[in-house]
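Visitor: This note's numbering puts the first residue of the sequence shown at 19, with every later residue one more than the last.
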Amino acid sequence: MVHRAKDYIRAGDIYQANLSQRFPFSFQGSPLRLYGALRRTNPSPFCSVLKMGDQFIASSSPELLVAKKGRQLVTRPIAGTRPSGRTGSETRRLTRELLRNEKERAEHLMLVDLERNDLGRVSEWRSVRVKDFMRVEKYARVQHLVSEITGCLRPDRDAFDVIRAMFPGGTITGCPKLRSMEIIDELEPVRRGVYTGSLGYIGFDGDLELNIVIRTLVLKGTQGTLQVGAGIVADSDPGREYEETLAKGEALCEALIEASAL
19 MVHRAKDYIR AGDIYQANLS QRFPFSFQGS PLRLYGALRR TNPSPFCSVL
69 KMGDQFIASS SPELLVAKKG RQLVTRPIAG TRPSGRTGSE TRRLTRELLR
119 NEKERAEHLM LVDLERNDLG RVSEWRSVRV KDFMRVEKYA RVQHLVSEIT
169 GCLRPDRDAF DVIRAMFPGG TITGCPKLRS MEIIDELEPV RRGVYTGSLG
219 YIGFDGDLEL NIVIRTLVLK GTQGTLQVGA GIVADSDPGR EYEETLAKGE
269 ALCEALIEAS AL
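1) In angstroms with no decimal places, state the Cα-to-Cα distance between GLU272 and SER254.
2) Count the CB pairs spanning the stretch 48–63 and the stretch 163–176 that are closer than 8 Å, and state whether there are at least three.
3) Distance, Cα to Cα, GLU108 vs TYR157?
4) Decide yes or no for the touch test of the stretch 174–183 against the stretch 19–32: beta carbon pairs closer than 8 Å, at least 3 of them.
5) CA-CA distance, ALA97 and GLY211?
6) Please identify the residue among ARG159, LEU127 and GLN39 whose C-alpha is closest to the C-alpha of VAL148.
7) State yes or no: is the C-beta of LEU270 within less than 8 Å of the C-beta of LEU228?
8) Using the C-alpha atoms, what's the distance from ALA279 back to ASP131?
9) Using 8 Å as the threshold, is the C-beta distance between GLU133 and GLY188 below it?
10) Of all the beta strand (DSSP E) runs that stay within the bounds of the stretch 152–236, which reach a length of 3 or more residues?
Below, the structure written as structure tokens:
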């Protein structure tokens, strides 16, 4: 799958695509206890839980697709990952490696530019700004490069225009977005479902906050799935990208083990 994505990159179809793999699991316990365990093993700023028909979705997402408060817009793209170390010194070494890695920096810059463009479609002229560019955020088992992009919503646009401009996120599709989505649909063996969609709210006042559904467990009865992905660029190493996906899923597996023992 990675090699085929790189073929498309070499052919000039895309610059980057985010490819994912799915892992099935069985779970006999309480879904709410599972969500509680997930919050403990992988505390994240955009956690959410939703029962939708016979599906139960427990998300510990670190990523904000978009928020709107009044006319102020914010998005926080994540691109660039290293595992957390077993010791403080190892974590610091991996942080330095992440910040100095040209591949990770180039990929992050490309996706920040994509999100700037998306936000600019509904923002006032010259109001889009990049804040906290390429900051490292540390989570339970991984650390990421994160930037914050802000804009001021045009007076003739509303919350639904914002969603149309931003969804789905560029960091979990690729660049350019539409062609990357077509390639993902071709290469991934299963449909993503809720994975890399969004959970959040739209208020009666027009404000909104939507995460990106990553680091998420989806239950249907006693069967469930977790899905993890990585961004593929021209010089991606398939083995390293695979290891990155496992690191992203580690805290979710720990939550399953903890909740199963309760």
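No residue lacks a Cβ here, since even glycine has one placed at the ideal position from N, Cα and C.
Since the model is a prediction, treat every value here as computed from it, not as a measurement.
Guide: According to the data block:
1) 28 Å
2) no
3) 14 Å
4) Touching, no.
5) Across the structure, ALA97 and GLY211 are spaced so that their CA atoms are roughly 22 Å apart.
6) Proximity to VAL148 across ARG159, LEU127 and GLN39 peaks at LEU127, based on C-alpha coordinates.
7) no
8) 45 Å
9) yes
10) 160–170, 218–220 and 226–229
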